[in-house]
Amino acid sequence: MLSDRFGRTIDYLRVSVTDRCDLRCSYCIPKGFKGFEEPENWLSFDEMTRVIAAFARLGTRRFRLTGGEPLLRRGLPALAARLSALPGVDDLSLTTNGTQLQHQAQALHDAGVRRLNVSLDSLRAECVQSICGSDSLDKVLDGLAAARHAGFSAIKINMVPLLGVNDGDIEAMIAYCIEHGFILRLIEAMPMGSTGQHAQGLDLTRKLDELTRRFGLHASCKTLGGGPARYWESRDGSFTLGLITPMSQHFCASCNRVRLSVDGTLYMCLGQEERFELRPLLRAGCSDARLEAAIRDAIELKPEKHDFITQPSRVVRFMSMTGG
Ligand code: SAM
């Protein structure tokens, strides 16, 4: 099992298969952004599979495909099928904005992806348009329906509430998730890159009392995939609300993850610069033993915590560059 200098077990790898996205969410990729990674620097599916197999041999059991928008990477179901067949890969999941999901949900499920997070910030088309820069609401709703039809259960919807923009939409989102059996997760906006630093996210710790009272929710001990969300449930257990509070109540002491970006860099923390480049090793034809040693060395670099509150301007990477 991998563990870091602070005694944390690292058993979760998020893998960005592309840094490109078809949306321009106001807190993520800026409009007109041109600094995407050159295709020759993208890890190939063979290279990604090698890295993930190495993590699995080192005891990592959970892997999530993300981006950018992962469904933009051509042939993603073929990669997912290779990964889910690897010894030790017990849990392969995906985070998507849902715009391409309608056409890919079945292939992804058939390929062994079992858990799905879909990002959606509002059920009002004009609000989605203003946050994401695209009229994508109907496509996302069709994608969610296709995902259920394909056999995905316990689908999570990720919403980033922004003050004065969509924070008034939380109740409608809860009602929608109750009706359709989705889990809703509210995420505090993080100061990643210029976009994240300008985002005015909601303090969810303060909002919690109002939501639990209004919807009769009680604290749950569910972990649901081992991420940083804390959960609340309705009395009959039919609805689950998750809160991810990196700003108002950080959870670095129990951080269990690192991230692989599309260019083969391992990032140790969303909010810090510590990183380790695996691509040069992979392209120099390193042995499996050397790759595993490099991963262990990288984990040693993992910092204790982010500094989102004390130094919010420090992180110049957008979430999509690290692999959100
Ligand atoms: N394109 C996919 C999607 O939309 O889910 C995966 C990548 S996206 C970067 C992953 C998640 O990061 C999304 O739920 C998005 O809302 C969230 N995100 C992006 N920038 C963020 C920020 N500055 N603070 C908090 N969440 C952010």
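Sequential numbering from 11 applies to the sequence shown in the working numbering.
Idealized CB from N, CA, C, for every residue including glycine.
This structure is a prediction, so every number in the text was calculated from the model and none was measured.
- Among the bridge pairs identified by DSSP, L227 is matched with S244.
- Cβ-Cβ distances below 7 Å link C296 to nothing in the same chain once the five nearest sequence neighbours on each side are left out.
- By DSSP's assignment, L292 forms no beta bridge with any residue.
- With a threshold of 16 other beta carbon atoms within 10 Å, M11 falls short and is exposed.
- For E47, no beta strand (DSSP E) run applies, since DSSP gives it neither H nor E.
- Judged by DSSP secondary structure, R60 falls within the alpha helix (DSSP H) whose first and last residues are 55 to 67.
- Going by DSSP, G252 is part of the beta strand (DSSP E) stretching over 250 to 254.
- For M169, the uninterrupted beta strand (DSSP E) segment begins and ends at 166 to 169.
- Beta-bridge partners assigned by DSSP to F286: L276.
- In this structure, DSSP gives L172 an extended state, which the three-state scheme calls strand.
- Residue burial is scored here from C-beta neighbours: K166 has at least 16 other C-beta atoms within 10 angstroms and is therefore classed as buried.
- Taking non-hydrogen atoms of the ligand SAM into account, the C-beta of M329 is found less than 7 Å away from one of them.
- In the structure shown, G143 falls within a coil segment according to DSSP collapsed to helix, strand and coil.
- Straight across, the Cα-Cα distance linking E47 with S26 is about 12 Å.
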